[in-house]
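Trainee:
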Amino acid sequence: MRNSPASGIIPFRTRRLTTPDALIEAGLAAPERRGEIEAVAERYAVGLTPALAGLIRPGDAADPIARQFIPDARELIRDPAERDDPIGDDAKSPVKGLVHRYPDRVLIKLVSVCAVYCRFCFRRERIGPGSASLSDSEFAAALDYVRADPAIWEVILTGGDPLTLSPRRIAATTGALAAIDHVKTLRWHTRMPVAAPESVTQAMARALRAEGKTAVVAVHANHPRELGAAARAACRRLADQGVMLVSQSVLLKGINDDVETLDALMRAFVHAGVKPYYLHHGDLAPGTAHWRVPIAKGQALMRDLRSRLSGLAMPTYVLDIPGGHGKVPAGLPSIRGDGAGRHIVTDPQGVEHIYVDRLEEP
Ligand code: SF4
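Under this note's numbering, the sequence shown has 42 at position 45, and the numbering climbs by one with no breaks.
#1: Under the DSSP definition of a beta bridge, which residues are partnered with H340?
#2: For E208, which three-state DSSP category applies?
#3: Excluding the five sequence neighbours on either side, which residues of its own chain have a C-beta within less than 8 Å of the C-beta of A168, listed in chain order?
#4: Shorter than 7 Å, the distance from the beta carbon of R333 to the closest heavy atom of the ligand COA, or not?
#5: Assign R333 to one of two classes, buried (16 or more other C-beta atoms within 10 Å of its C-beta) or exposed (fewer than that).
#6: At the level of alpha carbons, what is the spacing between A129 and V108?
#7: Tell me M241's beta-bridge partners as DSSP assigns them.
#8: Could you compute how far the alpha carbon of E135 sits from the alpha carbon of D57?
#9: Whose C-beta lies closer than 7 Å to the C-beta of W288 among residues of the same chain, with five residues either side of it excluded?
#10: Using a 10 Å radius around the Cβ and a threshold of 16 neighbouring Cβ atoms, would you call I74 buried or exposed?
#11: What span of residues does the beta strand (DSSP E) with H97 cover, start to end?
#12: Label D81 either buried or exposed according to how many other C-beta atoms from any shown protein chain fall within 10 Å of its C-beta, with 16 as the threshold for buried.
#13: Can you tell which of D354, V353 and L329 has its C-alpha closest to the C-alpha of T343?
#14: Please name the residue in R40, C232 and L49 whose C-alpha comes closest to that of R12.
#15: Quick one: grab the DSSP three-state call for N0.
#16: Here's a check: name, in chain order, each residue in its chain whose Cβ is nearer than 6 Å to the Cβ of P190, leaving out the five neighbours to either side.
#17: From what residue to what residue does the alpha helix (DSSP H) around V256 run?
#18: From the DSSP output, in three-state form, read off P17 for me.
#19: Beta-carbon separation of T182 and V143 under 8 Å?
#20: Answer yes or no: do R98 and G321 have a C-beta to C-beta separation smaller than 8 Å?
#21: Do you know offhand how far S90's Cα is from V96's?
#22: DSSP three-state call for S196: helix, strand or coil?
#23: Can you tell me where the beta strand (DSSP E) with P273 in it begins and where it stops?
#24: Helix, strand or coil for S307? Go by DSSP, reduced to three states.
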């Protein structure tokens, strides 16, 4: 029905920069970094689309878009705590390509390729051109698993990036899942609206929709410059077909670990019609220590952000517990007990107040 990994991927792939030579020739990396970039490229996939390459300021080594995609020698330094499978997908995978971590939802990793390869990717050991996507029979087995468990209410399609598939294959996947009565929500995690906005066509948007089901797209972006006019137009095409849009970002050192950038990023999402949803604490993926921000700093940033943004623009800061134990909110609680039956409530400016429950007499 759907999956032959060599076919059905949309044609943006041919125009990408995927080698050290291509990055250097495009002026996006200095020639003297060739050896470093080649060494990393032998280990991890490289990919940058014209849309994102066009947003990079040439000659600026600290450019926040370039740094997310240009290999760096530090990727080859492995911290002892880092893991090939940092969020424990394997421990919760009853059939190949499917992760069942929470009772009411599963995740299906449809493809192993992306339009761009983020240098901090949490699945970097499992994705790239040499990795296999789900075969027809593996997808059929995943469908059987979903069909057999009436508690599964939501299916999350991920990878890799599932919106690298053609509208025809997306429609086939949507149709197969939508035919399962107890599945009510299909959520697609993707970087395509920013990485290849021209590929997010009306036909693709229509392929995500199914009668009686809720279609959600979680748009991945980490810096406000990623959400320019083309990305906003791609989001609009999805929204016009009735797709709900939410955001996902990673808190990244030197990219968005300051309140001004996070503020601008979340406002840019809302401007694009995307509800800020998740700000991920960096996972323990190999070679990514140089990207991670201390949790205490992430918590302080969230408190500062709350003093500036309405609830509409606030994401939830989340941590995936290594080993597959799930995702938890990582922000500081605003309310705690004082040990005497009262609550201490911290306002967005950090000032504490006493709150006492006033309840109906029994
Ligand atoms: S788009 Fe997602 S899966 Fe692909 S490299 Fe980036 S973080 Fe990893």
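Where a beta carbon is used, it is the ideal one built from N, C-alpha and C, also for glycine. In this text the structure is predicted, and so the values were computed from the model without any measurement.
Mentor: This is what the structure gives:
#1: Answer by DSSP bridge pairing, in chain order: G334 and Y352.
#2: Residue state, collapsed to three classes: coil.
#3: R203 and A204.
#4: Judged by which ligands are present, the ligand COA is missing from the structure shown, whose ligands are the ligand SF4.
#5: Taking every protein chain shown into account, the CB of R333 has fewer than 16 other CB atoms within 10 angstroms, so this residue is exposed.
#6: Whole-angstrom Cα-Cα distance: 7 Å.
#7: Beta-bridge annotation (DSSP): M241 is paired with V213.
#8: C-alpha separation (whole angstroms): 44 Å.
#9: F117, L249, K250 and G279, listed in sequence order.
#10: Counting Cβ neighbours within 10 Å, I74 comes out exposed, since fewer than 16 surround it.
#11: Residues L95 to Y99.
#12: D81 counts as exposed, since fewer than 16 other beta carbons sit within 10 angstroms of its beta carbon.
#13: With distances taken between CA atoms, T343 lies nearest to L329 out of D354, V353 and L329.
#14: Selected option, being the one with the closest Cα: L49.
#15: Reliability fails at N0, whose pLDDT of 40 lies under 50, so the model's placement of it is uncertain and the value that follows must be treated cautiously. N0 falls in the coil class under three-state DSSP.
#16: When the five nearest sequence neighbours on each side are left out, the beta carbons in the same chain lying within less than 6 Å of the beta carbon of P190 are those of V197, V216, A228, A231 and C232, in order along the chain.
#17: Element bounds for V256: V256 to H268.
#18: In the structure shown, P17 sits in a helix (DSSP, three-state: H, G or I).
#19: Contact flag unset, no.
#20: For the 8 Å CB-CB criterion, R98 and G321 form a contact.
#21: Near 4 Å, if we compare the C-alpha coordinates of V96 and S90.
#22: Per DSSP, reduced to three states, the secondary structure at S196 is helical.
#23: K272 to H277 is the extent of the beta strand (DSSP E) around P273.
#24: S307 falls in the coil class under three-state DSSP.
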